[in-house]
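Residue numbers (the numbering used here): 2 to 345. From the three backbone atoms N, C-alpha and C, an ideal C-beta is built for every residue, glycine too. Please read these numbers as outputs of a predicted model, since none were measured by experiment.
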Amino acid sequence: MTEFKVTDYGAVPDGVTDSTAAFESALADAEKCHGTVLVPSGDYIVGKLRMGEGVALRGVSGWSFRDNGTATLHLRDSGCDCMIDMTGSFGGSISGLCLDGRGFGENIHGVKVYWEKYNGGAKEDTPTFDDCRVGHFSGDGIHLEHIWCFSIRHCMLCFNGGCGLYIDGWDAFILDNWFSGNRNCGILGGPCVASITATGNRVEWNSGAGFRFLHGDSYNITGNFFDRSGGPAISMGDETGGCSTVTITGNIFRRSGKPCDKLTDELDNCHLRMTKCENVVVTGNAFRLGRDDGGVGVDSPVHSVVMRENSYTILRDNVMHHGQLGDALVLDGNTDCVIDGNIG
């Protein structure tokens, strides 16, 4: 037997009964054989759960932008640091589920992987998240600290008190997701973020930047749609250093720099900000200003691109007509850069 249905262990999908023990028992049995825990449609109340190595936790989705889907786990209370702990769940996967934090507590994450140091598990973590909606947690939707390898596909990380996704680590595929309405960034990078492929995501209405990476290298950021970020759609680097070996190609940057409490630096009122970065290509992107839906609020951003002390970087062949209120480009102290053909 390799499939374990939580209702066979006593889980009750009524949105009232505490089903934590039933989920724990099903997950424990699945861990013995790298099995699958099946979650039938319904609403389940759970406390903190731990997933073992090679376990798949599966439901049937059906979620929408505003609502959870057919199989939803609701956080029981605020007495935990996360709903699902995947630390050590090498190769584990969560698919077709909605995780609802109910706004409980402070800094409680939806899913968490935590090691005390990089390569803390001595092998690739490789968790996979597919077709899930993770929202209304007081912390981050998914929090991956010292992570090594992961995939997030066709998920919605939304309306969390922290960011949609926190990454401190490397080797990731982030494809075809929504990062919507989080109180911090859509994706926030920790001390080191490297080897990231982010393609086909919609990143919108986050109070912080769309993507914020301080330090690291090797990002392929292609074909994403950034809308109404509370700061830059993409922000890389700071005064202590930047990011290197990056392609930013074929993205839409729309209505960035929305006035909010996160927008405290006037130069963050832009679509793209790069500080002390090198070996970066930015080409074939489209920039447009705008205000809130329905024509309310104020237009933003002031600038399209802010570049300071970058080197060996190409900013070429981007379109910025009606892209910003002020100067399209703010350039300071850049060396060995090619900046040409950015019209508008």
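Just list the alpha helix (DSSP H) runs in the region 47-118, keeping only unbroken ones of 4 residues or longer that don't cross its boundaries, in chain order. DSSP assignment within the region 47-118 yields no whole alpha helix (DSSP H) run of 4 residues or more.
Rounded to whole angstroms, what is the Cα-Cα separation between Gly285 and Gly342? Their Cα atoms are separated by approximately 10 Å.
Would the beta-carbon of Gly55 fall within 7 Å of that of Gly92? A contact, by the Cβ cut-off of 7 Å.
For a minimum of 3 consecutive residues, which ranges assigned as the beta strand (DSSP E) are wholly contained in the region 168-256? You should have 179-181, 188-200, 203-205, 212-214, 217-223, 226-228, 235-237, 244-250, 253-255.
Can you tell which of His323, Val297, Asp337, Thr18 has the C-alpha that lies nearest to the C-alpha of Leu316? The shortest Cα separation from Leu316 among His323, Val297, Asp337, Thr18 belongs to Asp337.
Excluding the 5 residues flanking Tyr16 on each side, which residues of the same chain have their C-beta closer than 6 Å to its C-beta? Note that residue 16 is Gly in the sequence shown, not Tyr. Hits under 6 Å: Asp44.
Environment of Ala123 [buried if 16+ CB atoms lie within 10 Å]: Exposed, since its Cβ has fewer than 16 Cβ neighbours within 10 Å.
If the criterion is Cβ atoms closer than 7 Å, does the pair Ser94 and Thr127 meet it? No.
Buried or exposed for His322, going by 16 or more other Cβ atoms inside 10 Å? With fewer than 16 other Cβ atoms inside 10 Å of its own Cβ, His322 counts as exposed.
Simplified DSSP assignment, three categories, for Ser312: Strand, per DSSP.
I believe Asn207 touches Gly231 by the beta-carbon criterion, under 8 Å. Please report the beta-carbon distance rounded to the nearest angstrom. Between Gly231 and Asn207 the Cβ distance is about 6 Å, and since that is below 8 Å, they are a contact.
Return the chain-ordered list of same chain residues with a C-beta closer than 6 Å to the C-beta of Trp171, the five sequence neighbours on each side being excluded. For Trp171, where only same-chain residues beyond five positions count, the Cβ hits under 6 Å are Ala195, Ser196.
Cys159 bridges to which residues according to DSSP? For Cys159, which the question treats as bridged, DSSP gives the partners Gly136, Ser181.
Can you tell me the Cβ-Cβ gap for Arg255 and Arg289, rounded? I've got them flagged as a contact below 8 Å. Between Arg289 and Arg255 the Cβ distance is about 5 Å, and since that is below 8 Å, they are a contact.
When Ile253, Trp149, Gly104 are compared against Glu125, the one with the closest alpha-carbon: Taking the Cα of Glu125 as reference, the smallest distance to any Cα among Ile253, Trp149, Gly104 is reached at Trp149.
Same chain, Cβ closer than 7 Å to Glu25, five either side skipped, listed in chain order: Closer than 7 Å at Cβ, skipping near neighbours: Leu50.
Enclosing alpha helix (DSSP H) for Leu403 [first to last residue]: Since the displayed the chain opens at 2 and closes at 345, residue 403 lies outside it and no answer follows.
For a quick check, are the C-beta atoms of Asn221 and Thr246 less than 7 Å apart? Result no, Cβ atoms of Asn221 and Thr246 do not sit closer than 7 Å.
With a threshold of 16 other CB atoms inside 10 Å of the CB of Met2, please say whether the residue is buried or exposed. Counting Cβ neighbours within 10 Å, Met2 comes out exposed, since fewer than 16 surround it.
Beta-carbon contacts of Ala234 that lie in its chain and below 6 Å, excluding the five residues immediately before and after: For Ala234, where only same-chain residues beyond five positions count, the Cβ hits under 6 Å are Gly211, Phe227, Phe254, Ser257, His272.
Exposed or buried, Cys159, counting other C-beta atoms within 10 Å across all chains shown (16 or more means buried)? That one is buried.
Cα-Cα separation between Ala22 and Ile109, rounded to whole angstroms: The straight-line gap separating the alpha-carbon atoms of Ala22 and Ile109 is approximately 20 Å.
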